[in-house]
Amino acid sequence: MKTFFNVSDLGNLTQALAEAREVKNNRFGFQPLGKNKTLLMIFFNNSLRTRLSTQKAAMNLGMNVIVLDVNAGAWKLETERGVIMDGDNSEHLLEAIPVMASYCDLIGIRSFAGLVEREFDYAETIVNQFVAYSGRPVFAMETATVHPLQAFADLITIEEHKKSERPKVVLTWAPHCRALPQAVPNSFAEWMNAADVDFVITHPKGYELDPKFAGNIKVEYDQRKAFEGADFIYAKNWSCPGVTRPADYGKILCNDPAWTVDQEHMSWTNNAYFMHCLPVRRGLIVTDDVIESPQSLVIPEAANREISAEVVIKRILEGL
Amino acid sequence: MKTFFNVSDLGNLTQALAEAREVKNNRFGFQPLGKNKTLLMIFFNNSLRTRLSTQKAAMNLGMNVIVLDVNAGAWKLETERGVIMDGDNSEHLLEAIPVMASYCDLIGIRSFAGLVEREFDYAETIVNQFVAYSGRPVFAMETATVHPLQAFADLITIEEHKKSERPKVVLTWAPHCRALPQAVPNSFAEWMNAADVDFVITHPKGYELDPKFAGNIKVEYDQRKAFEGADFIYAKNWSCPGVTRPADYGKILCNDPAWTVDQEHMSWTNNAYFMHCLPVRRGLIVTDDVIESPQSLVIPEAANREISAEVVIKRILEGL
Amino acid sequence: MKTFFNVSDLGNLTQALAEAREVKNNRFGFQPLGKNKTLLMIFFNNSLRTRLSTQKAAMNLGMNVIVLDVNAGAWKLETERGVIMDGDNSEHLLEAIPVMASYCDLIGIRSFAGLVEREFDYAETIVNQFVAYSGRPVFAMETATVHPLQAFADLITIEEHKKSERPKVVLTWAPHCRALPQAVPNSFAEWMNAADVDFVITHPKGYELDPKFAGNIKVEYDQRKAFEGADFIYAKNWSCPGVTRPADYGKILCNDPAWTVDQEHMSWTNNAYFMHCLPVRRGLIVTDDVIESPQSLVIPEAANREISAEVVIKRILEGL
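Listed in order, the protein sequences are those of chains B, L and Z.
For what it's worth, the numbering used here labels the leading residue of the first sequence as 1, then goes sequentially.
For what it's worth, the numbering used here labels the leading residue of the second sequence as 1, then goes sequentially.
For what it's worth, the numbering used here labels the leading residue of the third sequence as 1, then goes sequentially.
In structure tokens form, the structure reads like this:
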């Protein structure tokens, strides 16, 4: 495996899930693969789960890990071409990328959407430069449009908890006080479309996800109808993806508290599990009682981030 | 050992000191214990000695170490319950704790006193949440009220330098330009009360330490009388513990330079060693000549932080 | 080797270059040297290449590495003596140095020139305190006046690419929007003077480097004449070294864009390679087409930082 951004990078999903189980049962069993190999984790944005779980996964595999916080302790990086660099940015990505790559064997990168220019974000302008100029395998630790380590961990978690062959999984939008990227719902939609589940999306009008990820899944705009019979409720806020009205890209179109997932919402489901990628704003996305209930899977989901990361890094190491 | 906050967590002190000697002579001799084990060090506050010495101790034991600075590179954490999270804090400790715990085997935590609400600080509200919700062994890298890795290192240092069976050890308050927590004097008092020493505390009126730590040790308010015959002078500033007047909690009640430890002060002693946990403000706590004198133990004390941390982590690993 | 600041610390340069080749071909071949040894990297200033390459080099050698960013996550350090410390700085270097040293086996330090007091900078006041008080081997990761890991990597790169026995190497000043230290040109000049090359320096009047580093190399003030017949062009900005007019120390005396290295400049040379230590400001130091041309060595130079660091750390380990 040379890159990891989309579900297709994993190939056969059933095999990938089997490998996840194997890794989970034998986390330290693949250390010869990682010996004298170095993972460079590059953060343009904050991180808790991804920072810890990816580092842990690489150490499980016997690797060396270097963490670089670009905005703390390193030079600020210029990301655009043809600029006279007389401002704050001391170094150009075009130099920084091959330089950073020369000190490692594979690169994990976190670079969020700016939510200003849809085209810039959805072209994955920053991350594609790493793919083009690093000469190293690159995997996403959340980019402008995708968060596949999260989606893979979510799928592993659903697989571990499903009670029927083909469970009903609902992705529901929920309110938030800030404009958030679409990376998590994009990847979750893409992965659920590829998985053996009955997948439904529900959100207020205007929040339609890019078809590149959501495919032709029908949106159920009535949240209650969407929740009926659900086995898994996956809550997440996202800002306007700008699919129907590009001018609204990155905007907050709705803050209706009726979309907050509470006990009443959960009562409409088939005793569904509650999922969220975290960090979660309590009182906005979900109520305290739902997230603290026995049906809440937010902690097992997060714990599976170590597993999804280990499978992905293991496969990249095997391909070196 | 499951937690390390108080002197009682170590059990028999004589045995613990013997183990410290053994570890100091054979720092790398216990690496099988740490193989494939991960220490997560969580800092809510700055650190130099604790950061380096604890990391070194864990690496001596063959462990993997992940350092998390909560206020740099991670999300800001909400620590109170029942809040609608529409402010700066992106994540709740109640999620963050079990998530962080899922990527490690033991947790070291630094979380200073806020010095605003005595009850909040002295209930160890933050740290107790880690103990309650992490499911992992947790040890203090200085909390709101205790700094036991420092006190243990201090005791090791006294043991290495004492010239009599039962030396006289004096904890003296000294002035400082900022309001400081009571964690260091609390733990030092608690540990000296448990050790085989003649222990005296001296400070201006109003600085009485909480009896939970100071026990029923008599305070000698006359600094000169306290210093007479002393074998070890342990200087430290602390703000008002609020024991006699809760309204004064966290306040600076005195900045009398007569309390600064200088050569004249040391001349009252039995050629005592000078100790301080560092960082120290020269010119306020102690004069240049005293801290640079041959009787100054501040560097050996700091070096023993590696040893106290290694003993504590070793015991936790043995109990996993 | 106990310290690494100047070219003379390496001894015979031909042997050092041979050792660099050996290390480059066998990066992981010296791990027994580093086992249970800890490198402490102390940064008072930002870093990308040095941070990553030095860490990688130490991990190649099987060492443990601790990275300390003094201004992020640690206490602010007082660097002057005889001060009453009632300001921002919580700890004095005179305590911090031996403390930090007690947790490691060798120290790499980055501490840039302040560019305010020439005497303070050129006396290497900060770094010399580390040498004097740490009791550990100390090497420069760029100090106030030298950057020898860069110069050594530059020499390795020239050695790998030279087409004649004794190539012509030109160090050219180039414009920049900020006042920069002289560490890189100082070390480059010092190393080129010691190497078997025909070395020329060119810069506007007033930018004369300190003879301690530049020796008695004649400066060619006509940039075009200097470039004629050159095999390697090494571009770098630096602020006034204050050799001829101490009052100008650290000032920008010239921002003439005619000094920017572009294709026309390169056409004056013997099809020279272009070199720069990075980070580089495109449009000021060099044009996009030159730095992206096949003659540009900026990436191989940076990659050789891993090698120069590994040779230096290896020699220090051998001397422990």
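Positions of the beta carbon are idealized from the N, C-alpha and C atoms, including for glycine.
Given the structure is predicted, the values throughout are model-derived calculations rather than measurements.
Local conformation of residue i per DSSP, three classes
i         : result
B/Val-83  : coil
L/Leu-13  : helix
B/Phe-112 : coil
B/Asp-198 : strand
Z/Thr-269 : coil
L/Leu-209 : coil
L/Leu-61  : coil
L/Met-1   : coil
B/Asp-105 : coil
L/Ile-66  : strand
L/Glu-78  : strand
Z/Phe-152 : helix
L/Asp-274 : In the sequence on display, residue 274 of chain L carries Phe and not Asp. Reduced to three states, the DSSP call for L/Phe-274 is strand.
B/Val-333 : This structure cannot settle anything about residue 333 of chain B, because the visible part of chain B is limited to 1 through 320.
L/Val-261 : strand
L/Val-243 : coil
Z/Arg-282 : strand
B/Glu-220 : coil
L/His-325 : Shown here, chain L extends from 1 to 320; a query on residue 325 of chain L therefore has no answer.
Z/Arg-178 : coil
B/Asn-71  : coil
Where the alpha helix (DSSP H) through residue i begins and ends
i         : result
B/Ala-303 : 298-318
L/Ala-140 : Here L/Ala-140 belongs to no alpha helix (DSSP H); instead the beta strand (DSSP E) covers 138-140.
B/Leu-171 : Where B/Leu-171 is concerned, there is no enclosing alpha helix (DSSP H), although the beta strand (DSSP E) it sits in stretches over 168-173.
B/Phe-28  : Element bounds for B/Phe-28: n/a, residue is neither H nor E.
Z/Glu-119 : 118-122
Z/Ile-291 : 288-291
Z/Asn-128 : 125-134
Partners in chain B for residue i, counting only beta-carbon separations shorter than 9 Å
i         : result
L/Leu-68  : Leu-48, Arg-51 and Leu-52
Z/Leu-171 : What Z/Leu-171 touches in chain B: nothing, since even the nearest Cβ is about 20 Å away.
Whole-number beta carbon distance between residue j and residue i, since they are thought to touch under 8 Å
i         : j         : result
Z/Lys-56  : Z/Ile-307 : With a Cβ gap of about 10 Å, Z/Lys-56 and Z/Ile-307 do not count as contacting.
L/Tyr-122 : L/Thr-143 : With 8 Å as the limit, L/Tyr-122 and L/Thr-143 do not qualify as a contact, their Cβ atoms being about 11 Å apart.
Z/Val-169 : Z/Phe-199 : 5 Å
L/Leu-278 : L/Val-261 : 14 Å between Cβ atoms; not a contact.
Z/Val-312 : Z/Leu-68  : That pair is no contact at about 19 Å.
Z/Pro-257 : Z/Pro-175 : 6 Å
Neighbouring residues, chain B, relative to residue i (Cβ below 8 Å)
i         : result
Z/Asp-288 : Arg-81 and Gly-82
Where the beta strand (DSSP E) containing residue i begins and where it ends
i         : result
Z/Thr-145 : Looking at the DSSP string, Z/Thr-145 is not in any beta strand (DSSP E), and its letter there is neither H nor E.
B/Phe-232 : 232-236
Z/Ile-42  : 38-43
Proximal residues of chain Z, C-beta to C-beta of residue i below 8 Å
i        : result
L/Leu-93 : Chain Z residues near L/Leu-93: none, gap ~20 Å exceeds 8 Å.
Near the ligand SAM: residue i beta-carbon under 7 Å from a heavy atom
i         : result
L/Val-298 : Questions concerning the ligand SAM fall outside what the structure shown contains, since it holds no ligand whatsoever.
Interface residues of chain B facing residue i [CB-CB closer than 7 Å]
i         : result
Z/Phe-28  : Asn-36
Z/Cys-177 : Asp-86
Per-residue contacts from residue i into chain L (C-beta, under 8 Å)
i         : result
B/Glu-306 : Ser-102 and Tyr-103
Spatially closest choice to residue i from the options, by CA coordinates
i         : options                                       : result
Z/Ile-217 : Z/Lys-236, Z/Phe-188, Z/Gly-242 and Z/Lys-314 : Z/Phe-188
Z/Ser-164 : Z/Phe-227, Z/Asn-270 and Z/Ala-302            : Z/Asn-270
L/Ser-102 : B/Arg-51, B/Thr-172 and B/Lys-225             : B/Arg-51
L/Tyr-234 : L/Leu-13, L/Met-192, L/Met-59 and L/Ile-316   : L/Met-192
Z/Asn-255 : Z/Lys-35, Z/Trp-173 and Z/Arg-136             : Z/Trp-173
L/His-147 : L/Leu-180, L/Arg-118 and L/Pro-185            : L/Pro-185
L/Ala-302 : L/Leu-106, L/Asn-45 and L/Phe-152             : L/Phe-152
B/Asp-154 : B/Pro-32, B/Glu-190, B/Ser-134 and B/Val-83   : B/Glu-190
B/Phe-130 : B/Ile-42, B/Pro-181, B/Lys-251 and B/Asn-26   : B/Ile-42
L/Ala-140 : L/Arg-110, L/His-161, L/Ile-126 and L/Thr-125 : L/Arg-110
L/Glu-117 : L/Ser-8, L/Ala-18, L/Pro-181 and L/Val-70     : L/Pro-181
B/Glu-159 : B/Asn-304, B/Leu-317, B/Phe-5 and B/Val-7     : B/Asn-304
Within chain L, partners of residue i - CB distance below 7 Å
i         : result
Z/Thr-85  : Note that residue 85 of chain Z is Met in the sequence shown, not Thr. The contacting residues are Arg-281, Arg-282, Gly-283 and Leu-284.
B/Ala-302 : Val-99 and Ser-102
Z/Asn-64  : Met-59
Z/Ser-164 : Chain L residues near Z/Ser-164: none, gap ~48 Å exceeds 7 Å.
B/Lys-2   : Ordered by position in chain L, no residue passes the 7 Å Cβ test against B/Lys-2, which lies about 26 Å from the chain.
Chain-ordered chain Z contacts of residue i [CB-CB under 7 Å]
i        : result
B/Pro-98 : Ile-299
L/Ile-55 : Sequence inspection shows Gln at residue 55 of chain L; the Ile mentioned does not correspond to that position. Near L/Gln-55 (Cβ distances below 7 Å), the residues of chain Z are Ile-66.
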